[in-house]
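Residue numbers (my numbering): 5 to 183.
Okay, structure coming up:
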């Protein structure tokens, strides 16, 4: 078998491709795998070490002291979390949040009850899916009342659906004062 110029270029190109694959992909993969295995061994050897455990506990206590200096109101952060989850779900189900009112606070027998009132616009099925997600997420509270209203835009002569939802969250007054 005779090696002509095309075959020589083909063999040289194949050898060059192998070298480039090793230089850019395989060697990096092997380096990352070696780093991963050494770090995994390090974690496995330190997992039962009491000195490391004491160090982690000390760090946790230090972070708790630093965080306790800042007063973070739970209702404001909960309201932000609720609004973030509503926005994500409304984007998913193609709804619009058209109103989000200030929470109403009611205290009775050492229990704080926050009522969050918001309004949605969009399809009935999308609203039901969003409300189902809220009901299934118990950390958000529970839905106390829903009002569906069919409205008409007279400029475009189109109907649309608006749902006003009252979401309630209960909190112990003692737990809130301990925060």
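Note that beta-carbon positions come from the ideal geometry of N, C-alpha and C, so glycine has one too.
For residue i, the nearest candidate out of the options (CA to CA)
i	options	result
residue 121	115, 106 and 112	106
residue 174	43, 22, 29 and 111	111
residue 108	83, 48 and 159	83
residue 176	115, 142 and 141	115
Same chain, Cβ closer than 6 Å to residue i, five either side skipped, listed in chain order
i	result
residue 137	93
residue 151	168
Contact set for residue i: own chain, Cβ-Cβ below 8 Å, skip 5 residues either direction
i	result
residue 148	119, 170, 171 and 172
residue 52	none
Cβ neighbour criterion (16 or more within 10 Å) applied to residue i
i	result
residue 19	exposed
residue 145	buried
residue 167	buried
residue 90	buried
residue 57	exposed
residue 14	exposed
residue 86	buried
Own chain residues within Cβ distance below 7 Å of residue i, not counting five before or after
i	result
residue 99	124, 125, 126, 130, 131 and 134
residue 156	163
residue 117	110, 172 and 174
residue 48	none
CB-CB length for residue i against residue j, believed under 8 Å
i	j	result
residue 128	residue 165	6 Å
Of all the beta strand (DSSP E) runs that stay within the bounds of the stretch 84-149, which reach a length of 3 or more residues? Entirely contained in the stretch 84-149, the beta strand (DSSP E) runs reaching 3 residues are, in chain order, 100-104, 108-112 and 115-126.
Which residue spans inside the stretch 28-77 form an unbroken alpha helix (DSSP H) run of at least 4? 31-50 and 54-72
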